[in-house]
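In my numbering, the protein residues as written are 24 to 221.
Where a beta carbon is used, it is the ideal one built from N, C-alpha and C, also for glycine.
A quick note: this is a predicted structure, and the numbers were derived from the prediction, not measured.
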Amino acid sequence: MSGFPIFLLSPAHAGGKRARMLLRPESNSAVGKRLHRGEVVTLGEVFSFVSGLYFRGKLAYASRFAAAEDVLVITPQRGLLPVSTPVSPADLADFSQADIDAGNEEYRRPLEIDLAGLRLTMGDRRVIFLGSLASGKYVDVLRGALQGRLFFPIRFVGLGDMGRGALLLRHAKAENELDYAPIEELSRYLRKKEKAGI
């Protein structure tokens, strides 16, 4: 496969405490103030604030090794959006109401439509997923739409959110790209970790 990779980032949790902080008109954070003044605040900025280390790591890493237009975020009910997409308080509130579950059509259907479009235009490039590998809410949908083209960072196996975020930040800073494996090999890597007691 040739060309630069396309990165798909799992979203930050839009229903948590830090998201609620942003939604308050009296928010004291710089991002919150800009959001409520109607200034341009991107999806990447909002999710980096909401998630902290994990999403910041994903965004920094993907931005280091791919063009801006090839860094896409999986959203709760709007399919795939570029990290540069402007968002409003209403958008964030909408994200907080959606249930990210493979069985939820409100989440799954827009994502499948965008993935089908991506599959038609991506040529022979790889798609790298930066997100949770343990749950089917992402992997099951992505694997079905991107047959044979979906990859994951091998070192993600066995790491929690904070560990993955720190790993990605380190490699982005060092300009050292991680090794990837096809998602079809995920089970083998999981078994390998289990046998090693990790």
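Between S50 and F118, what straight-line distance do the alpha-carbon atoms span, to the nearest angstrom?
The residue you call residue 50 lines up with position 27 of the sequence shown. The residue you call residue 118 lines up with position 95 of the sequence shown. One C-alpha to the other measures close to 19 Å.
Are the Cβ atoms of Y287 and I151 separated by less than 8 Å?
Residue 287 falls outside the range modelled here, since the chain spans only 24 to 221, and no answer is possible.
For S86 and E200, I'd like the C-alpha separation in whole angstroms.
One-based indexing of the sequence shown puts residue 86 at position 63. One-based indexing of the sequence shown puts residue 200 at position 177. Each residue's alpha carbon lies about 12 Å from the other.
Between which two residues does the alpha helix (DSSP H) containing L169 stretch?
One-based indexing of the sequence shown puts residue 169 at position 146. Counting along the chain, L169 falls outside any alpha helix (DSSP H), and DSSP gives it neither H nor E.
Cα-Cα, which of I123, V180, L141 and Q170 is closest to E223?
The structure shown does not extend to residue 223, since the chain spans only 24 to 221, so no value can be given for it.
Could you tell me if F27 is buried or exposed, where buried requires 16 or more neighbouring beta carbons within 10 angstroms of its beta carbon?
One-based indexing of the sequence shown puts residue 27 at position 4. With fewer than 16 other Cβ atoms within 10 Å, it is exposed.
Does the structure place the stretch 119 to 139 close enough to the stretch 174 to 186 that three or more beta carbon pairs sit under 8 Å?
no
Nearest CA to the CA of S107: which residue from Q100, L209, L95 and G186?
Residue 107 sits at position 84 when you count from the first residue of the sequence shown. Nearest option by C-alpha distance: L95.
Would you give the residue range spanned by the alpha helix (DSSP H) that I136 belongs to?
The count along the sequence shown starts at 1 and reaches residue 136 at position 113. Where I136 is concerned, the enclosing alpha helix (DSSP H) stretches over E128 to T144.
DSSP has V96 in a bridge; who is on the other side?
Residue 96 sits at position 73 when you count from the first residue of the sequence shown. Beta-bridge pairing links V96 to L32 and L104.
Contacts around S209, its chain only, beta-carbon distance under 8 Å, and the 5 residues preceding and following it disregarded
Taking the sequence shown and counting its residues from 1, one reaches residue 209 at position 186. Per the sequence shown, residue 209 should be read as Leu rather than Ser. Closer than 8 Å at Cβ, skipping near neighbours: L156, V162, F175 and V180.
Just to check my reading of the structure: H7 and P48 have Cβ atoms closer than 8 Å, yes? What is that Cβ distance to the nearest angstrom?
Lying outside 24 to 221, the shown extent of the chain, residue 7 is not represented and no answer is given.
Can you say whether G188 is buried or exposed, counting buried as having 16 or more other CB atoms within 10 angstroms of its CB?
In the sequence shown, the residue the question calls residue 188 occupies position 165. G188 should be labelled buried.
In the DSSP assignment, find the unbroken alpha helix (DSSP H) run with A125 in it and report its ends.
Counting from one through the sequence shown, the residue named residue 125 turns up at place 102. Unbroken run through A125: none, as it is neither H nor E.
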